[in-house]
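With this note's numbering applied, the sequence shown covers 121 to 263. C-beta atoms are modelled at their ideal positions from N, C-alpha and C, and glycine is treated no differently. Below is one structure, written out as C-alpha cells; comments come after it.
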Amino acid sequence: MLMRTDPFRELDRLAQQLMGPGTWSKPSAMPMDAYREGDEYVVAFDLPGVSADAIDIDVERNMLTVKAERRPVVKADDVQMELSERPLGIFSRQIVLADTLDTEHIKADYDAGVLTLRIPIAERAKPRKISIGVGTGHKEISG
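As C-alpha cells, this is what we get:
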C-alpha cells in the first residue's frame, strides 16, 4: 500500500486518539459552511459516512443543534484492521440563529455526506418600501 506522509495528519490522528471518539457528553465538532443565497441562509455540514437516520436536528427558540453519530462498520470475524483514520462517535454543532430567520420553515436535505439546511429570512426582516402620503397637511400637537 502506498501512503503519503503528512506530519499534520499525524498530529491530528494523535490528538484524536488522545481525546478519543466523541461521546454524547463530549461530542466532536463537525465542519460547516454558512452563506446567504437570495432570501435564505444555507448551512452545510460535512458528515461523510453517517447514515441519515443517525442525524438529529433540533431548534429551540433561536438555537439550532445538529447531532450525528458515525457508527463502526460491521466487519466479519476474520477482518484485521490495518489503518483506521476515520473518526467514529458523536459529532455535534450548535448555532445561534438571528431573530430575523424563520425557524418554522427550515428545510433539510442530506446528499453525498453533506447535510444542507435552508433557513428562510422572515418576512418582517426583508427590505420593504414605505409609501409617502402627499397633501395630508400639518397637524399641531398641543400639550
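Nearest to Ala-154 by alpha carbon, out of Ala-245, His-225, Ile-239, Ile-210? Ile-239
Alpha-carbon spacing of Ile-210 relative to Val-186, whole angstroms: 11 Å
Please list, in chain order, all residues of the same chain as Met-150 whose beta carbon is under 8 Å from its beta carbon, the five residues on each side excluded. Phe-165, Asp-166, Leu-167, Val-186, Ala-188, Phe-211, Ser-212, Arg-213
When the Cα of Arg-156 is compared with those of Lys-249, Thr-220, Asp-198, which residue comes out closest? Thr-220
DSSP state of Thr-220, grouped into three classes? coil
With 16 as the cutoff for other CB atoms within 10 Å, does Val-254 come out buried or exposed? exposed
If you measure between the beta carbons of Leu-237 and Ala-245, is that distance less than 8 Å? no
Tell me which same chain residues have a C-beta within less than 8 Å of the C-beta of Met-183, skipping the five on either side of it? Gln-214, Ile-215, Val-216, Leu-217
What would DSSP say about Ala-196, mapped onto helix, strand or coil? coil
Secondary structure at Asp-176, three-state DSSP: helix, strand or coil? strand
Nearest to Tyr-230 by alpha carbon, out of Ala-172, Asp-159, Val-162? Ala-172
What's the gap between the Cα of Arg-190 and the Cα of Ile-252? 58 Å
N-terminal and C-terminal residue of the beta strand (DSSP E) that Asp-166 is part of: 160-166
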